[in-house]
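For the sequence shown, position 128 (counting from the first letter as 1) is numbered 127 according to numbering that gives the first Met the number 0, and the numbering increases by one without interruption.
For glycine and all other residues, C-beta sits at the position ideal for the given N, C-alpha and C.
In this text the structure is predicted, and so the values were computed from the model without any measurement.
Written below as structure tokens is the structure these notes are about.
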Amino acid sequence: MKVIVLGAGLLGVTSAYFLRQQGHDVTVVDRQASPAAETSFANGGQISVSHAEPWANPGAPLKVLKWLGKEDAPLLFRVRADLRQWLWGLQFLRECTPARTRHNIAQIVRLGTYSRNTLQQLRRDTSIAYDDARRASCTSTRARRSSTRPRRRPRRCARSVATGA
Ligand SMILES: Cc1cc2nc3c(=O)[nH]c(=O)nc-3n(C[C@H](O)[C@H](O)[C@H](O)COP(=O)(O)OP(=O)(O)OC[C@H]3O[C@@H](n4cnc5c(N)ncnc54)[C@H](O)[C@@H]3O)c2cc1C
């Protein structure tokens, strides 16, 4: 099959690679002169498989409200008179319930594990060499203060392996 992939960022290039592996005739098109010239350019290079907290979580709506109008906000939402934007916003809010967040975390962990395994296979197949480092990172969670019990110290420490890419 002839396939055109629009965008030569991380997703476009890897999609094209795997489509080519399956024998398709692939052309990658991009508005920039070179690949990975937009979001994929010089990102953090961190692959944190177990960092699975979705942006849409119970704490997000309040944070987004506080960040409105701040151009350097981690989650930037520019309010526009655009129906599609408002529909997207409603969908985002629907994903912020505790039940949806739990469900989405489980999906992200599955996807992250699959992605890590695929990346390891890709590295073996292509022998791509780059400066990578494996480190453990520690995430702590703090239990909510309850009216009857004193505030606890961070009680859980999850280990994750990060691979600089
Ligand atoms: C500061 C920063 C740090 C980050 N750090 C990390 C990190 O440590 N770990 C991690 O996993 N992720 C990180 N990310 C996220 C990661 O970089 C992105 O998820 C990823 O690069 C997205 O890739 P993409 O291919 O979807 O998009 P892009 O890289 O943006 O690719 C889309 C391509 O499509 C092209 N395009 C768009 N519209 C058109 C059009 N109409 N015609 C032709 N071409 C078009 C663009 O030119 C672009 O090249 C970071 C992101 C940022 C901004």
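- Within the segment 41-66, the runs of alpha helix (DSSP H) that reach at least 4 residues and sit entirely inside it are, in chain order, 59-66.
- Secondary structure at Asp24: strand, using DSSP grouped into helix, strand and coil.
- The straight-line gap separating the alpha-carbon atoms of Lys62 and Phe17 is approximately 38 angstroms.
- Taking 7 angstroms as the cut-off, the C-beta of Gln119 does not count as close to any heavy atom of ligand 1.
- In the same chain as Pro60, and ignoring 5 residues on each side of it, the C-beta atoms closer than 8 angstroms to its own belong to Leu92, Cys95, in chain order.
- When the alpha-carbon of His23 is set against those of Ala7, Pro34, Val12, Met0, the nearest one is in Met0.
- With respect to the C-alpha of Val2, the residue from Glu70, Ser14, Thr112 having the closest C-alpha is Ser14.
- In chain order, Trp66 place their CB closer than 8 angstroms to the CB of Pro73, counting only its own chain and leaving out the 5 sequence neighbours on each side.
- Under the three-state reduction of DSSP output, Ala35 falls in the coil class, being neither helix nor strand.
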